[in-house]
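Scroll down for the structure; my scribbles are underneath it.
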Amino acid sequence: MPFRPTFDCLWCGTAWTVRGPDDLEGWAQLCPTCVGKAGDNGFLRFRLRDALAERGAATAVAEAAAAADSAATDPGEYDDWYLRRGRYSHGPVHDAAWNAELDAAGLWLDELPLRGSIVELAAGTGWWSPLLAGKGELSIYDAAESTLDRARERLVAHRLRAHLHVRDAWAEPDRQVDGLFAGFWLGHVAQSRLDAFVALARRWLVPGGTFAFVDSLPDPQSGAVDNPVFHTPDEVRAALLRAGFAQAEVTTSGRFFLLGRATA
Numbered sequence: 264m265p266f267r268p269t270f271d272c273l274w275c276g277t278a279w280t281v282r283g284p285d286d287l288e289g290w291a292q293l294c295p296t297c298v299g300k301a302g303d304n305g306f307l308r309f310r311l312r313d314a315l316a317e318r319g320a321a322t323a324v325a326e327a328a329a330a331a332d333s334a335a336t337d338p339g340e341y342d343d344w345y346l347r348r349g350r351y352s353h354g355p356v357h358d359a360a361w362n363a364e365l366d367a368a369g370l371w372l373d374e375l376p377l378r379g380s381i382v383e384l385a386a387g388t389g390w391w392s393p394l395l396a397g398k399g400e401l402s403i404y405d406a407a408e409s410t411l412d413r414a415r416e417r418l419v420a421h422r423l424r425a426h427l428h429v430r431d432a433w434a435e436p437d438r439q440v441d442g443l444f445a446g447f448w449l450g451h452v453a454q455s456r457l458d459a460f461v462a463l464a465r466r467w468l469v470p471g472g473t474f475a476f477v478d479s480l481p482d483p484q485s486g487a488v489d490n491p492v493f494h495t496p497d498e499v500r501a502a503l504l505r506a507g508f509a510q511a512e513v514t515t516s517g518r519f520f521l522l523g524r525a526t527a
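Under the working numbering, the first residue of the sequence shown carries the number 264, and numbering increases by one thereafter.
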């Protein structure tokens, strides 16, 4: 069974919300009371055994993906991907279509009501950071210091400022903010953890705050052979509503990009 942050216990029916994405209860879909009774019940033992295996497999996949990203990607490669350079170029026709949709995604993001305190998760080299920094007080987070250095250079070139910190995108929020943005991060979130991440995004926001994201669609001319995970608009919208967002709109730019916004 997939991980669920909120569920009705399969044995006793009790409604339960887990504390985090690694909680065994969410994988087993059993409340803590029933987990404690597993030694006396064959069904509960079976669910716990499967839940442990499923959690272990998901963790292994996530760790392998993180290791591959760390080994294969340097800060310059992020910009090569955006700019369609080197192994990311697919010829003038496809590259022109990419550039047109990337511009359209930027215009879409610029029109969103992001203001006040804004957090950008998994910012990479800060491709979107100058746009966001012009809208409010921006905090930029990424797990790699080298990419944040490139983001800082990009902001300085635009004569803009932001707070830059090394921080994992899965870290629990340390405060609530008015706006949250993630550019091409959902493509690194496994299907089994999508609910957990959008629930985390909800916890970042004050009531009425905006969560926005741009991500990849599975077009064969979208990138290199090491494509990320892909989520459909319907899947992401459903996950946002399950996480408690009041409104959620998820659409596409056409071929290449998934565009989404949700109101807390």
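Ideal Cβ placement from N, Cα and C applies to all residues, glycine included.
query                                                                                                                                                                  : result
Classify R500 as helix, strand or coil using the three-state DSSP reduction.                                                                                           : helix
Is it the case that the stretch 398–405 contacts the stretch 462–473, given that we only count it when at least three CB pairs across the two stretches are under 8 Å? : no
Would you mind sorting F266 into buried or exposed? The rule is 16 or more other CB atoms within 10 Å of its CB.                                                       : buried
Go through the stretch 410–475 residue by residue and report every complete run of the beta strand (DSSP E) that reaches 3 residues or more, in order.                 : 426–429, 440–446
When the Cα atoms are used, what is the spatial distance from A335 to V477?                                                                                            : With a pLDDT of 44 at A335, under the threshold of 50, the predicted position of this residue should be treated as unreliable, and no value is reported.
Nearest CA to the CA of E364: which residue from A525, T526, T515, A527?                                                                                               : T515
Roughly how many angstroms lie between the CA atoms of A475 and E512, to the nearest whole one?                                                                        : 10 Å
To test your reading of the DSSP string, which unbroken beta strand (DSSP E) runs of 3 or more residues are found completely within the stretch 338–385?               : 379–384
For the pair the stretch 436–451 and the stretch 416–424, tell me if three or more CB-CB distances fall below 8 Å.                                                     : no
For the putative contact between V469 and D497, defined by C-beta atoms under 8 Å, what is the C-beta separation to the nearest angstrom?                              : At roughly 27 Å, the Cβ-Cβ gap does not stay under 8 Å, so V469 and D497 are not in contact.
Provide the residue(s) that pair with D405 in DSSP beta bridges, ordered along the chain.                                                                              : V429
Would you mind stating whether T277 and T269 have Cβ atoms separated by less than 8 Å?                                                                                 : no
Ordered along the chain, which non-local residues of its own chain (more than five positions away) have a Cβ less than 7 Å from that of W361?                          : R347, F519
Would you verify that the beta carbon of V419 is, or is not, closer than 8 Å to some beta carbon of chain D?                                                           : Going by chain labels, chain D is absent from the structure shown, which holds only one protein chain.
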